[in-house]
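Data block below; observations after.
Residue numbers (full-length UniProt numbering): 1 to 117.
Structural data, given as structure tokens:
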């Protein structure tokens, strides 16, 4: 055979692994999904704070900008974790996000952050 000869191959002969050797363990997948939920809860909290401080009656735009950036970071973390699960053939399970923080008044509106830091 010289360099230009073509070796015929049938795609039926090619074996494709259905489960990669780096598939996620069940407990790891659960933990990653739980972390995604926490990231989205933090995203909602920061997004709500950004909106609160941007209101015309508050007009604390520096705070609003800070919390908007923090919200974007949390959402980015959730996306990264989603990619990790997908690359390892896991299943992403998004849960209900429960962050209800209405009627804030004064500095006590920052108290919920203690749970996320």
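Glycine is no exception: its CB is placed at the ideal position from the N, C-alpha and C atoms.
Residue i beta carbon near the ligand ZN (any heavy atom closer than 7 Å)
i: residue 77; result: Ligands displayed in this structure: none; no statement on the ligand ZN is therefore possible.
Helix, strand or coil at residue i [DSSP, three-state]
i: residue 97; result: coil
i: residue 89; result: coil
i: residue 55; result: coil
i: residue 22; result: coil
i: residue 38; result: helix
i: residue 60; result: coil
Supposed contact pair residue j and residue i - C-beta distance, whole angstroms, cut 8 Å
i: residue 81; j: residue 24; result: About 11 Å; that fails the 8 Å criterion.
i: residue 29; j: residue 85; result: 6 Å
Residue from the options whose Cα sits closest to the Cα of residue i
i: residue 98; options: 30, 37 and 77; result: 37
i: residue 75; options: 62, 35 and 61; result: 35
i: residue 40; options: 85, 84, 77 and 28; result: 77
i: residue 22; options: 64, 87 and 79; result: 87
Chain-order list of residues whose beta-carbon lies under 7 Å from that of residue i (same chain, five-residue window excluded)
i: residue 67; result: 46, 49, 50 and 53
task: Would you check if there are 3 or more beta carbon pairs closer than 8 Å linking the segment 40-51 to the segment 63-73?
output: yes
task: Decide yes or no for the touch test of the segment 85-98 against the segment 52-67: beta carbon pairs closer than 8 Å, at least 3 of them.
output: no
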